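Numbering (the UniProt record's numbering), first residue to last: 1 to 231. Each residue gets a CB set at the ideal place from its N, CA and C atoms; glycine is no exception. Keep in mind the model is a prediction, meaning the values are calculated, not measured. Just below is one structure, and these are the notes that go with it.
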């Protein structure tokens, strides 16, 4: 008895589907076998002695990276912090925070009340940044000016600057951009002091702001959390 082409095609599809389903189920059972998984994981298990050795090696490389005379020999890139003290709870007033990273600049106004009050008030706005921009810091200052106007902020405020790109920091208010990352292509910035570039842009725009401090993102988180813990 002969079968029509459509019938043959249907039988072939059913056979193929059954075969693939059987193979898939078989492999799933084999893959999820506890014995097989444990055999694989055992190869990655480290003894306490090995873990201690890794810890000591990492610490040694980190310490080398933080010393001026051995910095270039370290296999771990380390950047020193120039923050010598943390908030003690007596701080109060209005502060402006500027975070430049990824494809946006984030501007925050932080109001730290007296110790009699508990709530720290924060207002923030994100502004987009083109990856290719000739006058990057002028644009950043324009964003700051827009933020201040929209929030009816008058007078001079202290500014904290978080610059999320590799920098060689030599002091709290000085940091030289090593190279752009995250797709940025703005020219004329690499090798320059980013705090100085921001200050000059502020001056060109006739803005009045207190000295700018440059902190790493991790340092910012530490200071912020310490401030919250004291409230």
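Please state the DSSP three-state secondary structure of residue i.
| i | result |
| --- | --- |
| residue 76 | coil |
| residue 97 | strand |
| residue 126 | strand |
Quick one: give me the first and last residue of the alpha helix (DSSP H) that residue i is part of.
| i | result |
| --- | --- |
| residue 37 | 34 to 42 |
| residue 139 | 136 to 150 |
| residue 154 | Careful: residue 154 lies outside any alpha helix (DSSP H) and carries neither H nor E. |
| residue 52 | 48 to 66 |
| residue 200 | 194 to 204 |
Thinking C-alpha only, which one of the options is nearest residue i?
| i | options | result |
| --- | --- | --- |
| residue 209 | 162, 145, 178, 62 | 145 |
| residue 141 | 94, 195, 101, 207 | 207 |
| residue 137 | 125, 62, 171, 105 | 105 |
| residue 111 | 102, 94, 126, 100 | 94 |
| residue 108 | 165, 44, 76, 159 | 159 |
| residue 63 | 46, 74, 39 | 74 |
| residue 57 | 76, 46, 113 | 76 |
| residue 171 | 155, 182, 212 | 212 |
| residue 126 | 97, 205, 114, 135 | 97 |
Per DSSP, residue i is paired with what?
| i | result |
| --- | --- |
| residue 213 | 160 |
| residue 177 | 167 |
| residue 121 | 111 |
Quick one: give me the first and last residue of the beta strand (DSSP E) that residue i is part of.
| i | result |
| --- | --- |
| residue 110 | 104 to 112 |
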